[in-house]
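Printed below as a string of structure tokens:
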């Protein structure tokens, strides 16, 4: 999340610095791209703040959960119940197939022709 916001910030900073250096030489495409990125950054800012607040609040709990569960492949996908609870069921363990006992060799009766 921080990487994406950093990349967007750097892109806007580069676009604004280029436009500031050469206002007369910038093309319509450059100015359009700059305005697009600035608008995108303004639109995304509240969502980024909410996501940052969520990560600050839930990050430590998520880290503890990741440390506690070693093998995520042993669980079914999360399921949301009607009351809003979220459950994650463990996949049913496959029973180990018992070795089939070998039967004693029974002689096959022979028919005389």
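Numbering (the working numbering), first residue to last: -8 to 104.
Where a beta carbon is used, it is the ideal one built from N, C-alpha and C, also for glycine.
The model shown is predicted, which means the values in this text are computed figures rather than measured ones.
Residues bridged to residue i (per DSSP)
i          : result
residue 71 : 77
Within 7 Å, strictly: CB atoms of residue i and residue j
i          : j          : result
residue 78 : residue 70 : yes
residue 80 : residue 67 : yes
Rounded C-alpha distance that separates residue i from residue j
i           : j          : result
residue 31  : residue 23 : 12 Å
residue 36  : residue 47 : 16 Å
residue 74  : residue 25 : 46 Å
residue 19  : residue 33 : 21 Å
residue 177 : residue 51 : Lying outside -8 to 104, the shown extent of the chain, residue 177 is not represented and no answer is given.
residue 21  : residue 27 : 10 Å
residue 53  : residue 17 : 46 Å
residue 29  : residue 72 : 41 Å
residue 11  : residue 43 : Summary for residue 11: the model assigns pLDDT 49, below 50, so the residue's position carries little reliability; its value from the coordinates is reported in the next sentence. In a straight line, the C-alpha of residue 11 is about 31 Å away from that of residue 43.
Under the three-state DSSP convention, the category residue i falls into
i          : result
residue 12 : Caution is warranted here: a pLDDT of 49 is assigned to residue 12, below 50, making its placement in the model unreliable, and the coordinate value is therefore given only provisionally. DSSP places residue 12 in helix when its eight states are reduced to three.
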